[in-house]
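Below is one structure, written out as structure tokens; the observations come after it.
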Amino acid sequence: MQTFTRIFIPIVSLLSVFTTGALAANSGVIHFRGQIVESPCDYQTLPGKVGVSCYQDGKTRHQSVPIHTLLDGRQFVNEKSTANLRWIDKDKKTAVLTVEYK
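For reference, each letter of the sequence shown is one residue, going -24 to -1, 1 to 78 in mature numbering (1 follows the signal peptide of the UniProt record, and there is no 0).
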């Protein structure tokens, strides 16, 4: 009986070492980190209007808004961003277009 025990225990120990690695390879948790990045919208001043081109869902979408609507204080809103125009001088010759992405 002692001979059987002396042979059996090392064999079982070796088998358990080999199977533990196989079980560990098939279980566990994987953590991913990162972010999805899309290109920003392209805003352009055109005669009498502001144009915007946004790449989204594999397509480039073009929109425009009359500049007087922005000068009146209204916002230009699309699927990716919101833009507004504000004067930075008293003479109203220089303005800043602020774009906020969603």
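Each residue gets a CB set at the ideal place from its N, CA and C atoms; glycine is no exception.
Query                                                                                                                                                              : Result
Return the chain-ordered list of same chain residues with a C-beta closer than 6 Å to the C-beta of N60, the five sequence neighbours on each side being excluded. : Q51 and T74
By Cβ distance, which residues of its chain are closer than 6 Å to V28, with the 5 residues on each side in sequence left out?                                     : C17, Y19 and Q39
Once DSSP output is grouped into helix, strand and coil, what is the label at H38?                                                                                 : strand
Judging by CA-CA distance, which residue of K56, P23 and R62 is the nearest neighbour of Y31?                                                                      : K56
Classify V26 as buried or exposed, calling it buried when 16 or more other Cβ atoms lie within 10 Å of its own Cβ.                                                 : buried
In angstroms, rounded to a whole number, what distance separates the CA positions of V53 and E76?                                                                  : 10 Å
On the CB-based measure, 16 or more other CB atoms within 10 Å of its CB, does L46 come out buried or exposed?                                                     : buried
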